[in-house]
Structure formats: C-alpha cells, structure tokens
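A short worksheet on the structure shown next.
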Amino acid sequence: MITIDLTDLESTIESEKSIKLNEAIKQIFKSKRSTIITGAGISCNAGIPDFRSSDGLYNLVKQKYPSKSITKGQDLFDISLFRDEISLALFCQFMESLYLSSLLAHPTETHKFIKTLKEKNKLLRCYTQNIDSIEKLLHLNVGIDLQDITEKHFTKGWKSLDVVQLHGNLHKLSCTQCYSSFDWNVKYQKQLGAGSNPQCNACLDKYQERLYLGKRLTGNIGMLRPDIVLYGEHHPQSELILQGLNLDLRLKPDLLLIMGTSLKVDGVKKLVKSLSHSIHQRGGKVIFVNKTPLAKATWDSHIDYEILSDCDDFVRILKRDIPDLFLTQEQLDSKKLKNNQKSADYIKLEPECLRIKSEGIKSESLAPEALTPPSTPSKKNLISQQSYIKLLKPSLNRKATKKLKFELPSPFASFTEDTESTGPSEASSPDTTVVKLEPEQPCYVIKKEETTSFESRKRSLELTCAFESKRRIRIHS
C-alpha cells in the first residue's frame with residue numbers, strides 16, 4: 001500500500017509521491033467498470049456531519065443529550081435503544097433533525113464525480129453507507145425497490161441501480177411490525193420531532209378490519225421509525241445485496257474507489273475484501289481516499305493507493321489533471337472542432353506565406369535585365385535536361401537486321417564435317433548467315449528480324465526446333 005499525504009495542499013509533494021499519484025489518477029481515467037464505496041466523509045461539505053470525527057454525530061449526540069442512558073454516541077444507533085423510552089425519544093428527535101439537514105444539503109464535488117462516471121458509462125455500481133440520499137438530487141437511481149427487483153427480473157432490476165444503500169434510507173419510514181414503507185409528511189415529522197413514534201396505518205387498517213369482521217385480533221399495531229439499519233440489527237435486504245454483489249463480481253470490475261469512510265463496520269470490511277480480491281485477480285487497482293489513515297497491518301494487501309485528502313479536494317485534483325473526464329460529449333466535440341479549426345488555420349497560413357514569397361520574387365524579377373546576369377548552367381543540369389528531352393521524343397532509329405538462311409548440303413558435302421559455303425554472292429553478303437544441317441535432316445527456314453547477338457540467334461533456333469532436340473544443329477556464323 002502506497003500512502004500519499006495531500007492534507008496540506010500548499011506543501012510540495014515529493015517527486016516519487018507525485019509519480020505514484022499520477023499513476024493512481026491514470027488508473028481512474030483508464031477504468032471502464034468502476035466500483036465505488038462511499039461513507040459519511042463525502043457528505044461533510046454538504047452540511048451533514050460524519051460519525052467518528054471530533055465534530056461527528058457521536059460527539060454531537062453526547063453533547064446534545066447528556067443522559068445516563070446514552071453513554072456514547074454510538075448507543076443512539078444501536079438496536080438496544082428500543083428497550084428504553086428515553087433513548088427511543090432521543091432517537092426520534094435526533095433523526096428528525098438529521099432529516100431536516102439532509103433536505104437542506106446540496107450535492108458535493110464527490111457526488112457530482114459519481115454522476116460523471118455514470119454519464120461516461122464508467123460506473124458499475126456505487127455502494128454507500130450514507131442514509132441522506134443526496135444522490136437522488138443528481139437523478140441517480142438510489143435504493144432497492146422491492147417492486148422492481150423481484151426473483152424473476154432480479155438481474156434487470158439490479159443493473160438499473162446506480163447507488164446501493166447499505167444502511168438504509170433516512171427519507172423513508174418503515175413499520176416495526178409489518179415492515180411497510182412510508183414517506184415523510186408533516187404529521188409524521190411533528191410526531192418524531194416531539195419524541196414519539198407514529199402508528200403504522202397499514203397495521204391500524206388491518207386491525208380495524210379484523211375487529212369489524214369479528215375475527216380474532218392477532219399481533220400489535222406497529223410504529224414507524226426511519227428506515228435505517230442500526231447496530232445489532234438484521235439487515236432486511238442482506239440477501240438481495242449479496243446476490244447483487246455476486247452479479248457485480250461476474251461483470252468484472254477493474255477499479256475499486258473507496259471514499260470518505262474509515263472502514264470500521266464489519267459488513268463494509270467484508271465487502272471491500274471481496275471486491276479487492278476479485279479486482280486484483282484481473283490486474284485492477286484499489287484506491288482509498290479519506291482524511292484519516294488506515295491500519296496497514298489489516299489493509300496493506302488489499303489497498304494499492306492510500307490518499308490522505310478531503311474527498312472534494314481530491315476530485316478537484318482530478319479535474320485539474322484529467323479535465324476531459326468531466327466534459328460532456330458536446331463539450332468534447334466542440335473542443336475537438338476547435339482543435340481541428342486551429343490546425344486548418346495553420347495549414348491555410350502556409351500557402352499564404354508561399355504566395356507572399358512568390359509575389360516578392362516576381363517583384364524582384366521586374367528589374368532591368370542588365371542588372372540580373374544570366375545564370376551559368378552546370379554540366380549536371382544540361383545532362384539531365386538532354387536525357388529528359390530524349391525521353392519525350394519518340395525514337396525513329398531502327399536497328400540493323402540480319403537475315404538467316406538455311407540450306408541443305410549437297411550429297412557429296414554431307415559426308416564431310418567441314419563444308420564451305422558455295423555461291424560467292426551469298427558468302428560475300430554481310431547480312432546473311434548460312435546454317436548447314438546434317439544428312440537426312442529437314443530444312444527449316446526461319447526469318448528472324450532485329451537480331452542483335454549470337455546468343456539470341458542461337459536461342460531462337462533452339463526454341464524453334466525443340467521437338468527435334470535429339471538431333472544436333474551446327475550453326476556457322
């Protein structure tokens with residue numbers, strides 16, 4: 001695990017650390033199927049405190065409610081608080097104030113970064129521990145809807161999810177008895193702000209229906225509470241999340257980006273280890289971004305880059321180093337068009353410069369001839385010009401031709417090997433070649449035009465008399 005400290009942005013980074021930071025940024029840019037795990041640290045700049053910092057929710061609860069029933073802030077998020085009426089009333093009041101804070105919150109740079117990865121088709125899935133649902137303000141598909149995700153259409157419903165809420169949704173209320181889901185309204189908000197839990201309308205309607213029909217009354221009327229997962233509580237959607245995680249692993253993610261969480265929760269620890277193992281098998285990288293460092297003994301083999309920085313500050317570094325990642329397709333097209341226009345303007349300048357240069361040469365050529373002496377042609381230029389002229393002109397010269405004449409030897413001369421040619425007129429002719437054949441050998445008269453050498457004549461005779469190859473032919477030039 002390589003640690004890069006960016007908490008002090010004004011200080012200079014070592015060259016080696018800078019190289020490693022560029023490597024991590026390059027991995028984010030190259031990734032095609034990124035998986036993100038986020039925590040409360042990405043919502044701090046939106047006005048929602050985290051849990052474990054000095055200004056976090058745990059210390060805030062302790063200061064606001066100095067009660068004997070709450071010894072530490074984590075007790076307010078434990079399932080055991082339902083055993084005590086005072087703790088339950090404090091829980092309702094605190095959840096109502098946290099809900100109001102989430103309504104006033106705006107998306108941070110990190111939330112917008114997640115949206116950017118979604119628009120670039122680089123986001124495989126985002127798993128968040130946050131319950132504020134700020135991602136919905138950016139029109140991301142948040143939360144598991146049991147109506148959309150069924151056993152028959154689970155794959156299609158899961159792939160449509162952008163953000164999976166691991167710890168529930170603060171913007172929903174659920175019944176402790178029948179687990180029905182409800183939205184917040186003014187009535188519920190006032191009751192929770194006063195420290196009391198509203199009754200479940202679904203349970204109440206069912207109770208009244210059985211009472212009207214005279215049936216036996218079973219069970220109690222449930223009460224509404226924020227639809228979040230507390231410590232020590234069984235997750236109602238754990239099986240669906242596990243099934244969806246296995247589906248994501250089969251889709252082969254190539255990057256795991258952990259932002260704004262200290263990785264203290266056991267369930268998130270298991271999630272990170274399973275994802276990092278699968279990503280490392282395919283050559284991917286795991287990048288951790290948070291203000292507080294991790295325990296190297298636990299995470300050294302699972303995380304490649306540990307970047308100590310505020311999440312929004314790190315996103316600003318990404319915008320500075322890889323700006324193309326944050327541009328829309330229209331902006332990229334316009335940028336490409338501008339670059340092409342600049343190159344076209346540069347190309348247009350070259351003929352303009354040539355035109356100005358040629359005009360300058362023409363203006364100089366208008367001077368009197370006496371002032372400009374003729375240039376002396378070189379020998380090389382003359383030879384090249386003459387050869388070029390010869391190539392252009394057609395050749396009218398024809399080569400001298402020789403006639404080939406074949407005659408049969410006389411009966412007397414056929415028994416002698418050396419026989420002289422008869423006929424003074426034929427022997428004296430320089431353009432005639434006499435070829436004498438052996439006895440009982442047919443005579444073939446071949447006229448060959450434009451012969452140039454002895455070898456070419458010999459080759460012509462061999463080709464013509466190929467079918468008589470067993471016989472010998474003597475050629476007398």
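In terms of UniProt numbering, the sequence shown opens at residue 1 and continues consecutively. Ideal placement from N, C-alpha and C gives every residue a C-beta, glycine not left out.
(Q) So the candidates are L240, I317 and Q27; which of them puts its Cα closest to the Cα of T155? (A) As a first step, residue 155 must be located in the sequence shown, where it is residue number 155. Comparing Cα-Cα distances from T155 to each of L240, I317 and Q27, the minimum goes to L240.
Can you tell me whether DSSP reads N290 as helix, strand or coil? Taking the sequence shown and counting its residues from 1, one reaches residue 290 at position 290. In the structure shown, N290 sits in a strand (DSSP, three-state: E or B).
Segments assigned alpha helix (DSSP H), at least 4 residues, entirely inside the stretch 116 to 178:
154 to 159
Assuming D132 contacts I48 under a Cβ cut-off of 8 Å, what Cβ separation, rounded to an integer in Å, is found between them?
Counted from its first residue, the sequence shown places residue 132 at position 132. Counted from its first residue, the sequence shown places residue 48 at position 48. Going by Cβ atoms, the distance from D132 to I48 rounds to 5 Å, so yes, they are a contact pair.
Q.
Rounded to the nearest angstrom, what separates I114 and I307 at their Cα positions?
A. In the sequence shown, counting from the first residue as 1, residue 114 sits at position 114. In the sequence shown, counting from the first residue as 1, residue 307 sits at position 307. Cα-Cα distance, rounded: 18 Å.
**Item:** Option nearest E109 by Cα separation, candidates G41, G219 and D78
**Value:** For the purposes of this step, residue 109 is identified with residue 109 of the sequence shown, where counting begins at 1. Nearest option by C-alpha distance: G41.
key: Buried versus exposed call for D300 [16 or more other C-beta atoms within 10 Å across all chains shown]   = Residue mapping note: residue 300 aligns to position 300 of the sequence shown, counting from 1. Classification of D300: exposed, given that the 10 Å Cβ count is below 16.
Closest Cα partner of L271 within the set L104, Q129, S15 and K112:
In the sequence shown, counting from the first residue as 1, residue 271 sits at position 271. Relative to L271, the option among L104, Q129, S15 and K112 whose CA is nearest is Q129.
For G214 and I79, believed in contact at Cβ under 8 Å, the rounded distance
Counting from one through the sequence shown, the residue named residue 79 turns up at place 79. Counting from one through the sequence shown, the residue named residue 214 turns up at place 214. Contact between I79 and G214 fails: their C-beta atoms lie close to 37 Å from each other, not under 8 Å.
Of the residues I134, K264, G195 and R250, which one's Cα is nearest the Cα of C44? For the purposes of this step, residue 44 is taken as the residue at position 44 of the sequence shown. Checking every option, the nearest Cα to that of C44 belongs to I134.
Identity of the residues DSSP links to P226 by a beta bridge
Taking the first residue of the sequence shown as 1, we reach residue 226 at position 226. Bridge pairing for P226: L173 [DSSP].
Next item on the list: Return the first residue and the last residue of the beta strand (DSSP E) that I2 is part of.
Entry: As a first step, residue 2 must be located in the sequence shown, where it is residue number 2. Per DSSP, I2 belongs to the beta strand (DSSP E) from I2 to D5.
Minimum C-alpha distance to G39 - residue among L325, V265 and K252
Walking along the sequence shown from the start, residue 39 turns up at place 39. With distances taken between Cα atoms, G39 lies closest to V265.
Query - Segment contact flag, the stretch 241 to 255 with the stretch 216 to 225, C-beta cutoff 8 Å, min 3 pairs - result: Cβ pair count under 8 Å is below three, so no.
| query | Does DSSP put Q237 in a helix, in a strand, or in coil? | reply | Reading the sequence shown from its first residue, position 237 is the one you call residue 237. In the structure shown, Q237 sits in coil (DSSP, three-state: anything other than H, G, I, E or B).
Residues bridged to Q199 (per DSSP): Counted from its first residue, the sequence shown places residue 199 at position 199. Q199 is bridged to M223.
Task: Paired residues, beta bridge with E96 - DSSP - done: Within the sequence shown, residue 96 is the residue found at index 96, counting from 1. DSSP, once it has assigned bridges, lists no residue as partnering E96.
Is it the case that the Cβ atoms of Y127 and V164 are separated by a distance below 7 Å? As a working mapping, residue 127 is identified with position 127 in the sequence shown. As a working mapping, residue 164 is identified with position 164 in the sequence shown. In this structure, V164 lies closer than 7 Å to Y127 by Cβ.
Is the separation between the beta-carbon of L230 and that of F77 shorter than 7 Å? Here the question's residue 230 lines up with position 230 in the sequence shown. Here the question's residue 77 lines up with position 77 in the sequence shown. The answer is yes: Cβ separation under 7 Å.
query: What residues are listed by DSSP as bridge partners for I36?
result: Along the sequence shown, one-based indexing puts residue 36 at 36. Per DSSP, C126 and L257.
Distance between beta carbons of Q27 and L255, contact taken as under 8 Å: What you label residue 255 is simply residue 255 of the sequence shown in a count that begins at 1. What you label residue 27 is simply residue 27 of the sequence shown in a count that begins at 1. Right, their Cβ atoms sit about 6 Å apart.
Query raised in the report: Roughly how many whole angstroms lie between the Cα atoms of L81 and S87?
Result: Counted from its first residue, the sequence shown places residue 81 at position 81. Counted from its first residue, the sequence shown places residue 87 at position 87. Computed Cα separation, rounded: 5 Å.
If I measure Cβ to Cβ from S101 and keep anything under 7 Å in the same chain, skipping five residues before and after, which residues do I get?
Residue mapping note: residue 101 aligns to position 101 of the sequence shown, counting from 1. If we look at S101 and ignore the five residues flanking it on each side, its Cβ neighbours are G47 and I48.
Notebook entry, point to check: In three-state terms, what does DSSP make of E23?
Noted result: What you label residue 23 is simply residue 23 of the sequence shown in a count that begins at 1. Helix at E23.
Check: When burial is assigned at 16 or more other CB atoms within 10 Å of the CB, is R83 buried or exposed?
Finding: Here residue 83 is taken as the residue at index 83 of the sequence shown, counted from 1. R83 should be labelled exposed.
According to DSSP, is F180 part of a helix, a strand, or is it coil?
For the purposes of this step, residue 180 is identified with residue 180 of the sequence shown, where counting begins at 1. This sequence places Ser at residue 180; Phe is not what is there. Reduced to three states, the DSSP call for S180 is coil.
What's the gap between the Cα of G283 and the Cα of S309? What you label residue 283 is simply residue 283 of the sequence shown in a count that begins at 1. What you label residue 309 is simply residue 309 of the sequence shown in a count that begins at 1. Roughly 25 Å separates the two Cα atoms.
Close beta carbons around P107, own chain, < 6 Å, minus the five adjacent residues each side
Counted from its first residue, the sequence shown places residue 107 at position 107. Around P107: I134, L137 and L138.
Burial state of residue 478 (16 or more Cβ within 10 Å): Residue 478 cannot be examined here, being either before or after the span of the chain that is shown, 1 to 477.
Between which two residues does the alpha helix (DSSP H) harbouring L275 extend? In the sequence shown, the residue the question calls residue 275 occupies position 275. Run containing L275: D266 to Q281, per the alpha helix (DSSP H) assignment.
Buried or exposed for C178, please, with buried defined as at least 16 other CB atoms from any protein chain shown within 10 angstroms of its CB. To locate residue 178, count along the sequence shown from 1; it is residue 178. Looking at its Cβ environment, which holds fewer than 16 other Cβ atoms inside 10 Å, C178 is exposed.
If distances are taken between C-alpha atoms only, which option among K32, T7, A194 and T35 comes closest to F91? In the sequence shown, the residue the question calls residue 91 occupies position 91. Checking every option, the nearest Cα to that of F91 belongs to A194.
Cα-Cα separation, D321 to I221 | Position 321 of the sequence shown, counted from the start, is the residue given in the question as residue 321. Position 221 of the sequence shown, counted from the start, is the residue given in the question as residue 221. Distance between the alpha carbons of D321 and I221: 57 Å.
Taking the beta carbon of N24 as the centre, do at least 16 other beta carbons fall within 10 Å, making it buried, or is it exposed?
For the purposes of this step, residue 24 is taken as the residue at position 24 of the sequence shown. Looking at the sequence shown, residue 24 is not Asn but Ala. It counts as buried.
Pick from S31, I2, T7 and N22: whose alpha carbon is nearest that of I279? By 1-based counting over the sequence shown, the position of residue 279 is 279. Considering only alpha carbons, the answer is S31.
**Message:** Using a 10 Å radius around the Cβ and a threshold of 16 neighbouring Cβ atoms, would you call R125 buried or exposed?
**Reply:** Start at 1 with the first residue of the sequence shown, and residue 125 comes out as number 125. Its Cβ being crowded by 16 or more others within 10 Å, R125 is buried.
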